[in-house]
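**Q** Residue numbers (the numbering used here), protein chains in the order written: chain A, 7 to 588; chain B, 7 to 588. All C-beta atoms, glycine included, are put in the ideal place defined by N, C-alpha and C.
Number of protein chains: 2
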Amino acid sequence: MKSLHKYLPILTWGAEYSRQTLVNDLVVACIVTVMLIPQSLAYALLAGLPPQVGLYASMAPLLLYAVFGTSRALAVGPVAVASLMTAAAAGQVATQGTPEYLGAAVALAMISGLLLLAMGLLRLGFLANFLSHPVISGFITASAIQIAVGQFAPVLGIHAHGESFVAIVQSMVPNLGAINPYTAGIGLTSLAFLFWVRRGLKPLLLKLGLGERIADILAKVGPVAAIAVTTAAVWGFGLSEHGVKIVGTVPQGLPELTLPSFEMGLWAKLLVPALLISIVGYVESISVALTLAAKRRQRVDPDQELIALGMSNFGSAVSGGFPVTGGFSRSVVNFDAGAETPAAGAFTAIGIALATLFLTPLLYFLPNATLAATIIVAVLSLVNLGAIKDTWRYSRADGAAMVATIILTLIAGVEAGLIAGVGLSIFLHLYQTSKPHVAVVGQIPGTMSFRNVARHDVVTDPEILSLRVDESLYFPNARFLEELVNESVAASPAILHVILECPAVNTIDSSALESLEAINNRLWDGGVTLHLSEVKGPVMDRLKRSHFLEQLSGKVHLSHFDAVSSIKPDLTRRTLEAPRAS
Amino acid sequence: MKSLHKYLPILTWGAEYSRQTLVNDLVVACIVTVMLIPQSLAYALLAGLPPQVGLYASMAPLLLYAVFGTSRALAVGPVAVASLMTAAAAGQVATQGTPEYLGAAVALAMISGLLLLAMGLLRLGFLANFLSHPVISGFITASAIQIAVGQFAPVLGIHAHGESFVAIVQSMVPNLGAINPYTAGIGLTSLAFLFWVRRGLKPLLLKLGLGERIADILAKVGPVAAIAVTTAAVWGFGLSEHGVKIVGTVPQGLPELTLPSFEMGLWAKLLVPALLISIVGYVESISVALTLAAKRRQRVDPDQELIALGMSNFGSAVSGGFPVTGGFSRSVVNFDAGAETPAAGAFTAIGIALATLFLTPLLYFLPNATLAATIIVAVLSLVNLGAIKDTWRYSRADGAAMVATIILTLIAGVEAGLIAGVGLSIFLHLYQTSKPHVAVVGQIPGTMSFRNVARHDVVTDPEILSLRVDESLYFPNARFLEELVNESVAASPAILHVILECPAVNTIDSSALESLEAINNRLWDGGVTLHLSEVKGPVMDRLKRSHFLEQLSGKVHLSHFDAVSSIKPDLTRRTLEAPRAS
Chain A
7 MKSLHKYLPI LTWGAEYSRQ TLVNDLVVAC IVTVMLIPQS LAYALLAGLP
57 PQVGLYASMA PLLLYAVFGT SRALAVGPVA VASLMTAAAA GQVATQGTPE
107 YLGAAVALAM ISGLLLLAMG LLRLGFLANF LSHPVISGFI TASAIQIAVG
157 QFAPVLGIHA HGESFVAIVQ SMVPNLGAIN PYTAGIGLTS LAFLFWVRRG
207 LKPLLLKLGL GERIADILAK VGPVAAIAVT TAAVWGFGLS EHGVKIVGTV
257 PQGLPELTLP SFEMGLWAKL LVPALLISIV GYVESISVAL TLAAKRRQRV
307 DPDQELIALG MSNFGSAVSG GFPVTGGFSR SVVNFDAGAE TPAAGAFTAI
357 GIALATLFLT PLLYFLPNAT LAATIIVAVL SLVNLGAIKD TWRYSRADGA
407 AMVATIILTL IAGVEAGLIA GVGLSIFLHL YQTSKPHVAV VGQIPGTMSF
457 RNVARHDVVT DPEILSLRVD ESLYFPNARF LEELVNESVA ASPAILHVIL
507 ECPAVNTIDS SALESLEAIN NRLWDGGVTL HLSEVKGPVM DRLKRSHFLE
557 QLSGKVHLSH FDAVSSIKPD LTRRTLEAPR AS
Chain B
7 MKSLHKYLPI LTWGAEYSRQ TLVNDLVVAC IVTVMLIPQS LAYALLAGLP
57 PQVGLYASMA PLLLYAVFGT SRALAVGPVA VASLMTAAAA GQVATQGTPE
107 YLGAAVALAM ISGLLLLAMG LLRLGFLANF LSHPVISGFI TASAIQIAVG
157 QFAPVLGIHA HGESFVAIVQ SMVPNLGAIN PYTAGIGLTS LAFLFWVRRG
207 LKPLLLKLGL GERIADILAK VGPVAAIAVT TAAVWGFGLS EHGVKIVGTV
257 PQGLPELTLP SFEMGLWAKL LVPALLISIV GYVESISVAL TLAAKRRQRV
307 DPDQELIALG MSNFGSAVSG GFPVTGGFSR SVVNFDAGAE TPAAGAFTAI
357 GIALATLFLT PLLYFLPNAT LAATIIVAVL SLVNLGAIKD TWRYSRADGA
407 AMVATIILTL IAGVEAGLIA GVGLSIFLHL YQTSKPHVAV VGQIPGTMSF
457 RNVARHDVVT DPEILSLRVD ESLYFPNARF LEELVNESVA ASPAILHVIL
507 ECPAVNTIDS SALESLEAIN NRLWDGGVTL HLSEVKGPVM DRLKRSHFLE
557 QLSGKVHLSH FDAVSSIKPD LTRRTLEAPR AS
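1) Starting from the C-beta of S539 of chain A, find all residues in its chain whose C-beta is less than 8 Å away, skip the five residues before and the five after it, and write them out in chain order.
2) For a test of the three-state rule: what should DSSP assign to V85 of chain B, helix, strand or coil?
3) State the start and end residues of the unbroken alpha helix (DSSP H) segment that holds I505 of chain A.
4) Inspect the beta-carbon positions of F328 of chain B and A518 of chain B and report whether they are closer than 8 Å.
5) Can you tell me whether DSSP reads I292 of chain B as helix, strand or coil?
6) Could you check which residue in B:V172, B:I192, B:A166 and B:T195 has the C-alpha nearest to that of N181 of chain B?
7) Between P308 of chain A and the rest of its own chain, which residues show a CB-CB distance below 7 Å, the 5 nearest in sequence each way excluded?
8) Could you name the residues of the same chain whose beta carbon sits closer than 8 Å to that of L363 of chain A, not counting the 5 residues immediately before and after it, in chain order?
9) Reducing DSSP to helix, strand and coil, say where V73 of chain A ends up.
10) By how many angstroms is the C-alpha of T297 of chain B removed from the C-alpha of A53 of chain A?
11) Whose CA, out of B:L386, B:N483, B:I220 and B:H537, lies closest to the CA of F201 of chain B?
12) Quick one: any contact between the stretch 492-504 of chain A and the stretch 528-535 of chain A, if contact means 3 or more CB pairs under 8 Å?
13) Could you tell me if I220 of chain A is buried or exposed, where buried requires 16 or more neighbouring beta carbons within 10 angstroms of its beta carbon?
14) Can you list, in chain order, the stretches of the beta strand (DSSP E) that have 3 or more residues and sit fully within the stretch 489-558 of chain A?
15) Give the straight-line distance between the Cα atoms of I285 of chain B and A115 of chain B, rounded to the nearest whole angstrom.
16) Suppose you measure from the CA of G119 of chain B to the CA of Q45 of chain B; what does that come to, to the nearest Å?
17) Taking the beta strand (DSSP E) that A445 of chain B falls in, what are its first and last residues?
18) Kindly indicate which three-state DSSP category G392 of chain A falls into: helix, strand or coil?
19) In whole angstroms, give me the CA-to-CA distance for G249 of chain B and T189 of chain B.
20) Indicate the three-state DSSP secondary structure (helix, strand or coil) for H165 of chain A in the structure shown.
21) Hey, would you say A314 of chain B sits closer than 8 Å to G20 of chain B, going by beta carbons?
22) Grab the span of the alpha helix (DSSP H) containing I417 of chain B for me, first residue to last.
23) If you follow the beta strand (DSSP E) that R219 of chain B is in, where does it begin and where does it stop?
24) How would you write the range of the alpha helix (DSSP H) that R586 of chain A sits in, first residue to last?
25) Rounded to the nearest angstrom, what separates L207 of chain A and L214 of chain A at their Cα positions?
26) For P373 of chain A, list the residues DSSP reports as bridge partners.
27) Quick one: grab the DSSP three-state call for I185 of chain B.
28) Comparing the C-beta of H167 of chain A with each C-beta of chain B, is any distance below 8 Å?
29) Between the stretch 400-411 of chain A and chain B, which residues of the former have a C-beta closer than 7 Å to a C-beta of the latter?
30) Any idea if N390 of chain A is buried or exposed, counting beta-carbon neighbours within 10 angstroms, 16 or more meaning buried?
31) Below 8 Å on C-beta distance, what does Q304 of chain B contact in chain A?
32) Could you check whether L80 of chain B and V294 of chain B sit closer than 8 Å to each other, using their CB atoms as the reference points?
33) Under 7 Å Cβ to Cβ from G254 of chain A, same chain only, skipping five residues before and after it: list those, please.
34) Going along the chain, which residues of its own chain have a beta-carbon closer than 7 Å to the beta-carbon of T236 of chain B, five neighbours each way excluded?
35) Is the stretch 542-555 of chain A touching the stretch 18-37 of chain B in the sense that three or more CB pairs, one from each, lie closer than 8 Å?
36) Quick one, which of B:E520, B:H443, B:V541 and B:L282 has its alpha-carbon nearest Q557 of chain B's?
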């Protein structure tokens, strides 16, 4: 029963659902629906899909998230970066506009849904950690730049194509002479208006006396005005006959339940892109969910979120939609408008369904240029070039990973850029942990403490090499210690004892154990004894399961003072009795 | 000048070279030459190459290692596992027996040499760490099993082929009816004799009054007796006319200087195999070198070893050889025989050259079955199934990585097995570090110390959540803390302060910094203050380069006691004055 509540959060909040909450959620749903209709159409176009696919992706996913999701305010649906990634992946297996292309997008949602579900059920959410912050941040900045530049083509009424920023720019430049003046007029005006809505509308509304929250929401749904005015203009002046591309016929009616293609060859080709879409989507979604939940001290279960996003994508696929995830701006609107339960999302789905049933004829004359303008304004807020400087200043390695991800994404496209970024950050991580901090230590006069000889005035003995290891020992750094000990002992023929002080060693894996055994045997061959000191309890428990402690030529001592005293009792006693260094 | 000595170790030991050392090294060279001739032929056959290629690979590489190597006793040349990997890689681009196949093997040595050189010059030796001990150990066990089983085909005089253990067994079984009785007689007798040499010869020689060292060396070169007797038998009884396969004509004369094919397509296909051969070879070689160096407290420079192995492989390639590395058994013989400088290796190269010039006619009737038997006996000592049990008992994750590597290598072949093993161990490593140990801590009465509430009788306050983080914070575990804090704070509405105690945090990377910023902002939104305590100096220095400390809602305290006292001075004072718990 508890497990049923865990997997179906709707049972928990549904039980407490009241009439007041219902009214609240219905109001929220109206606002979000108005915002979501143009977004759904725009992201479908960005993904290279017919407009109704965007609407389909905004129904079933919202209903399923309401059943399985643990965030009270997250709004799922098509988002910019996932739409771009869908276009890149589907474009590799089919040509835009063909049924195969649509089939690939639907299959991506299906595979993505199954992967997310599996990750949730198998508790593999940590996979998202493979995307380090510099990589995801660089990737989103580069994707947003690519989207924004690409959408200037429909804004200007010219042709462009390509799978990377560089390819898109190359394909656009020769067409710049063929700008359609009507389209460009609509597109650039919409763009200017939308920028003003984003920057200037809220202050204006506040000045007019509206409340902070209502002003915020109006500013967010403001783009609808651009949609309405430009649609009316195209209709009124017959601009579609002058080359202004319009949305055209959007099939009326709800999506039919269908199954995507299960062809193995197609799935094999889409597996990696689907995994990347899933993880990028999950990382953004969980971050939004945690941020909004914290404001009301609500709980978000990361594993259950994977299941909920998995079900949402599954729902999108079987209703003819494409990959979805929790979107930042729509979730914030949802939250600010006062969404109290995921039911608000379910009502939004109903709102979109009603729109699909009755309002699509109104969208016939909606110019693509306006939709493209809404995309440009939305994605430019994702570009964060300042993060490069901050990250570089904080960590060269992280800064390098971020810059490499941005450059590779712009040159080689989203998949190559993201995979290279992930590989690079894992590589840099292993590189950095491959050289742990190890200090030679000596006794501080007047105390039983041992400190770094390089930083403190300490007493050492030429026959004893005391090394403090400041890191867990595992395969990325296992050989480092072997080489360090070989080097140190070969350099000082007087050494008869090596003591490893291990207070910061949280783990010793099999590779490090093998290295310790090799160090012990080699030292023994060279007439040197190996000792350990201050080994943590769990590490000691594990060492007892190996043969190492039997083979160890020296002993394991509780404290480093004990270890040195067991070899040179006079020295440590004299040092302890010496006046303490200032 | 110092740098010249670093890159050319021969300048250091060469300057001290004496007549006594010369005599010593010459004796060693004779012993190793006798041992190396059959090994070179055998490993060439294992790699699917003409026998003389094995001899070529045992000349130039030894000369170059003598110039560039830092180990006094390492003996380079063809080895079993690298030969198997060469056969697997060359077999993917050409058919055995063709000039293209030989060309691929030579190109592998060239690419491998350049990669090792680059790794040495760019100090990328840590790349070898990517091969965790369980993976390399499992890989070598599986390779040795595959080699041993594969070599039963020439021992029995039947046909077999395949790139994995499973494929080889499948191809052998139908041919078991076609065993050649003469070949099998020679092969199985050699095998029995060689096993006896390994087990029984040394005790016998000791019983006969020989010294320990000389008995050891005779036991190691004993296989030469099998070569001599079986060659004589084939010649005397004309067995080659009864289907016993023989080495046949080995071209007399030294190899000519040649350059391998530089065709880009070929290099692209061989790049990954060459990288794997290089790293596996380096890991084995450096381990042997360190072990032997330790016995005489000599220094081995890992980066220079990469350069020396790189030059050796380069030398092998330009003299028509295949990939080489430092071999375990020949290095031990070299060491036990008393090699004092790498000059012993150079003299061995001259010995092999003399043999190639004058002795090859004697090898005409040498049966392949005998060579295969020497390979079987040599590689069976590499099989270490006991390591599976030990590793599993020590660490489930490492044991799983080892078993997976063995199974995948046996089923899918050496490359797939090794790559999967490396991927798996990196994955398991990141998985394990993704869930760091974090303890809720409270004050021990009568002290200023804070300990885990689960293990000690401590005083806590419902308004304060004290978490001690026992691990560095970086991208594999960054989100863990976000989720843990969200969970804890949502579960206890009384909490007004969260204090992270960071004595074991050695690093905070950009991803973790982003998580801390998110935690800080989210807690602030929920009316909770975030504090840090016991932040290490280097970590603090780096945090000062970010905006985090300005944004932090609470403070950074020197000790955890200070942190709690700043919020609840009465509580900590009262607890400090309380009687200390027993």
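**A** The structure says:
1) The beta carbon of S539 of chain A lies closer than 8 Å to those of I505, L506, E507, C508, V562, H563, L564, S565, H566, D568 and A569 in the same chain, with the five residues before and after it left out.
2) V85 of chain B falls in the coil class under three-state DSSP.
3) DSSP places I505 of chain A outside any alpha helix (DSSP H); the residue lies instead in the beta strand (DSSP E), whose first and last residues are H503 to E507.
4) Taking 8 Å as the Cβ cut-off, F328 of chain B and A518 of chain B do not qualify as a contacting pair.
5) Correct three-state label for I292 of chain B: helix.
6) It is B:A166.
7) Around P308 of chain A: G131 and I292.
8) Short of 8 Å from the beta carbon of L363 of chain A, and not among the five residues preceding or following it, lie these beta carbons of its own chain, in chain order: Q258, G259 and L260.
9) Of the three classes helix, strand and coil, the one that applies to V73 of chain A here is helix, per DSSP.
10) Going by the C-alpha atoms only, they are around 59 Å apart.
11) The option with the nearest alpha carbon to F201 of chain B is B:L386.
12) Counting C-beta pairs with one atom in each stretch, the stretch 492-504 of chain A and the stretch 528-535 of chain A have three or more that are closer than 8 Å, which means they touch.
13) With a 10 Å radius around the Cβ and a threshold of 16 neighbouring Cβ atoms, I220 of chain A comes out exposed.
14) If we require 3 residues or more, the beta strand (DSSP E) runs fully inside the stretch 489-558 of chain A come out as 503-507 and 535-539.
15) Roughly 13 Å between the two C-alpha positions.
16) The alpha-carbon of G119 of chain B is positioned some 21 Å away from that of Q45 of chain B.
17) Annotation for A445 of chain B: the continuous beta strand (DSSP E) segment containing it runs V444 to Q449.
18) Looking at G392 of chain A - three-state DSSP - the assignment turns out to be helix.
19) Taking the Cα positions, G249 of chain B is about 7 Å away from T189 of chain B.
20) Taken through DSSP and simplified to helix, strand or coil, H165 of chain A comes out as coil.
21) Not in contact: A314 of chain B and G20 of chain B (Cβ atoms no closer than 8 Å).
22) First-last of the alpha helix (DSSP H) with I417 of chain B: R402 to A418.
23) Counting along the chain, R219 of chain B falls outside any beta strand (DSSP E), though it belongs to the alpha helix (DSSP H) covering E218 to V227.
24) It is not in any alpha helix (DSSP H) - R586 of chain A carries neither H nor E in the DSSP assignment.
25) Cα-Cα distance, rounded: 10 Å.
26) In the DSSP secondary-structure assignment, P373 of chain A is bridged to A:I252.
27) When secondary structure is reduced to three states using DSSP, I185 of chain B falls in the coil class, being assigned neither helix nor strand.
28) No, no contact with chain B.
29) Of all residues in the stretch 400-411 of chain A, the ones placed with a Cβ closer than 7 Å to any Cβ belonging to chain B are Y400, S401 and D404, in chain order.
30) Around the CB of N390 of chain A, fewer than 16 other CB atoms lie within 10 Å, so the residue is classed as exposed.
31) Listed along the chain, the chain A residues whose CB falls inside 8 Å of the CB of Q304 of chain B are A496.
32) In this structure, L80 of chain B lies closer than 8 Å to V294 of chain B by Cβ.
33) The answer, listed in chain order, is Y370.
34) Taken in chain order, the residues that qualify are I192, S196, P373 and T376.
35) In short, these stretches do not touch, since the Cβ pair count stays below three.
36) Minimum Cα distance to Q557 of chain B is reached at B:E520.
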